[in-house]
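In short: position in the sequence shown from 1, add 288, done, that's my numbering.
Quick reminder that beta carbons are idealized off the backbone N, C-alpha and C, glycines included.
Report on the structure given below.
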Amino acid sequence: LARGSYAQHACVPAWRATPVPDGVSDEVAVTLMLQGCTAHYLSHSAFGLQPGDTCLVHAAAGGVGQLLTQIAKLRGARVLATVGSEDKAAIARARGADETILYRSQDFRDEVRRLTDGRGVDVVYDSVGIDTIARSIRSLRRRGTCILYGASSGPVHAIEPIELGEAGSVFFTRPHLADYTADRHEIRSRTGDLFRWVAEGRLDVTIDRVFPLAEAGDAHRYLEAGKSRGKLLLRIG
């Protein structure tokens, strides 16, 4: 785990290096180190899902979204998934989503209330940001938790505390992966789970496209256009 990944080499402390088990490709390992660890800490630590919990996963057909949906199901949770198209809805369902919401034609807050008989979800995992955050907060049950971990539509600059109270005394957090992989034990624990689930066939990793490093700009445009259906990788050399 290190910053500066668009490079042939990276200098990292030894405790941050993780051995890749036999049978796990480099492409899958790279995906699990970032997106997999993100999905793991979201579902195990930022809000530890329990059997019977209901969660809302935004961008469920994306790289983190697909992994988070699968891990949430391994934890025994019910998953409501937002997606942008019917083909992405099919991807989310294939990964275990119980319900899919087409956010371009449906108000996801209204759909959440309908699908939970007015109660709301226990937790929202929001990677979208400014376009969704207000409705994400209003999709929660009383004393639920909203976790903002991305900003694909733009950053959220402020949350009014009174809004959290009026939404049902809900909780809001904006975590960073580095704080949930803070030592060797945390990194090995999370990657150990992820590698084991892949080996057991319980976790599928979808690699959408591999771009050469020289086409990094095209990769970003592909991602920003909402075309991705899984992990994008850059190949060096």
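ALA349 (DSSP reduced to helix, strand or coil): For the purposes of this step, residue 349 is identified with residue 61 of the sequence shown, where counting begins at 1. Three-state result, ALA349: coil.
Local conformation of CYS434 per DSSP, three classes: For the purposes of this step, residue 434 is taken as residue 146 along the sequence shown, with counting starting at 1. If DSSP states are grouped into helix, strand and coil, CYS434 belongs with the strands.
Per DSSP, cross-strand counterpart(s) of PRO443: Numbered from its first residue, the sequence shown carries residue 443 at position 155. Beta-bridge pairing links PRO443 to no other residue.
Which of helix, strand or coil DSSP assigns to GLU387: Along the sequence shown, read from residue 1 onward, the residue named residue 387 stands at position 99. Strand.
Exposure of GLY305, with buried meaning 16 or more beta-carbon neighbours within 10 Å: As a position in the sequence shown, residue 305 is number 17, starting the count at 1. Checking the sequence shown, residue 305 turns out to be Ala, not Gly. Exposed, since its Cβ has fewer than 16 Cβ neighbours within 10 Å.
According to DSSP, residues forming a beta bridge with TYR413: Position 125 of the sequence shown, counted from the start, is the residue given in the question as residue 413. Answer by DSSP bridge pairing, in chain order: VAL345, ILE435.
Spatial distance of ARG462 from PHE499 (CA atoms): On the sequence shown, position 174 is the one that residue 462 refers to. On the sequence shown, position 211 is the one that residue 499 refers to. Between ARG462 and PHE499, the C-alpha separation is close to 30 angstroms.
Under 9 angstroms between C-beta atoms of PHE408 and ARG402: Counting from one through the sequence shown, the residue named residue 408 turns up at place 120. Counting from one through the sequence shown, the residue named residue 402 turns up at place 114. Sequence inspection shows Gly at residue 408; the Phe mentioned does not correspond to that position. Cβ distance not < 9 angstroms, so GLY408 and ARG402 don't count as in contact.
Integer-rounded CB distance, given that ASP386 should sit under 8 angstroms from LEU368: Translated into positions along the sequence shown, residue 368 becomes position 80. Translated into positions along the sequence shown, residue 386 becomes position 98. LEU368 to ASP386, Cβ: 7 angstroms. Contact.
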